[in-house]
Amino acid sequence: MDRYRVQPGTRVNLKDWDPDDKANFEKGKSKGLKAVLKLSERLELLQELLFAQGKHKILIVLQAMDTGGKDGVIRRVFDGVNPQGVKVASFKVPTPEDLAHDYLWRIHKQTPGKGEIVIFNRSHYEDVLVVRVQNLAPPDIWEKRFDHINAFERLLADEGTTILKFYLHISADEQKARLQARLDEPDKRWKFNPGDLKDRALWGDYMHAYEDVLSKTSMPWAPWYIVPANRKWYRDLVIGTVLVETLEKLKMRYPEPAEDLDKIVIE
Ligand code: ADP
């Protein structure tokens, strides 16, 4: 899956990244869906090991335009994991209390502890995306944030957090179809938010802001992956594979029992 990883120091132009790409799995959708199921079963075991060992901390950042599929990834890839060890932190419009602090304050509190996986559904990157595009802060404020964010993630990594960041890349046409489906299908209407149209009208500005994020903040210790996300099954396959491969590299083991359990007799 290295082809989707943004190499540090390269300039990303999203026009060069095909949201329909499925180059790593040519066997088609139905086999792809089966592969995703297998990956989520494997993830279930690896997460149990992570929780039992209580040593590693895993932070997964999900960013996307509206309808990009963040919720779908959480539902499908993390299907079977034990909720005790996995937390989803969703970052919405900051509260007055959040705004009374620096922008990383609400973020740092949600980062994973030992044995935990935390999934960020949106993240501190909103502070250089929506804040920039919607002019919520002037450039001299948000421009400095790329350095803060790199330093913050370096701190987390130095202290033992494994960080993976996924940008779910959909096309403007695919977003149109997904928004239309939210209008047309009664059980999807609850997801329709007229505010999404305001962001859609600024699509080009968002792509430009994302290109800056992806170019400036993909680091060896906190890489970005640009996930082709027009096909949901392929999106899940890419993310599931990267997660499973990353967790397997940690070479986790169940902790040794405190004493010789073979000698214990239960009457
Ligand atoms: P989602 O779209 O993630 O399912 P919502 O529809 O509730 O959830 O949208 C959350 C909103 O919060 C988004 O419009 C997003 O841009 C906004 N948001 C998140 N973080 C910030 C931030 N730091 N500053 C301003 N707006 C933010």
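In terms of the numbering used here, the sequence shown has 96 at position 100, counting the first letter as 1, and numbering is strictly consecutive. Idealized CB from N, CA, C, for every residue including glycine. Note that this is a predicted model, so its numbers are computed, not measured.
Any non-hydrogen atom of the ligand ADP closer than 7 Å to residue i Cβ
| i | result |
| --- | --- |
| F87 | yes |
| N189 | yes |
| E122 | yes |
| N131 | no |
| V114 | no |
| D62 | yes |
| K66 | yes |
| R118 | yes |
| V127 | yes |
| P90 | yes |
| Y99 | yes |
Counterpart residues of residue i in DSSP-defined beta bridges
| i | result |
| --- | --- |
| F162 | L58, Y221 |
| K259 | For K259, which the question treats as bridged, DSSP gives no partner whatsoever. |
| R1 | Y221 |
| T63 | According to DSSP, which records beta bridges pairwise, T63 is partnered with nothing at all. |
| T265 | Outside the modelled stretch of the chain, which goes from -3 to 263, sits residue 265, for which no answer is possible. |
Counting Cβ pairs closer than 8 Å, one from the stretch 197 to 207 and one from the stretch 120 to 133, do we hit at least three? yes
Ignoring anything shorter than 3 residues, give me the beta strand (DSSP E) runs that lie fully in the stretch 76 to 155, in order along the chain. 82 to 86, 113 to 117
Complete beta strand (DSSP E) runs within the stretch 169 to 256 (minimum length 3 residues, chain order): 220 to 224
Inter-stretch contact (C-beta, 8 Å, three-pair minimum) for the stretch 72 to 81 and the stretch 36 to 45: Yes, since at least three Cβ pairs between the stretch 72 to 81 and the stretch 36 to 45 fall closer than 8 Å, the two stretches touch.
Could you check whether the stretch 160 to 168 touches the stretch 58 to 74, counting it as contact only if at least three pairs of C-beta atoms, one from each stretch, sit closer than 8 Å? Result yes; three or more Cβ-Cβ pairs closer than 8 Å.
Touch test, the stretch 43 to 58 against the stretch 246 to 253, Cβ-Cβ under 8 Å, three pairs minimum: yes
Touch test, the stretch 189 to 200 against the stretch 12 to 29, Cβ-Cβ under 8 Å, three pairs minimum: no
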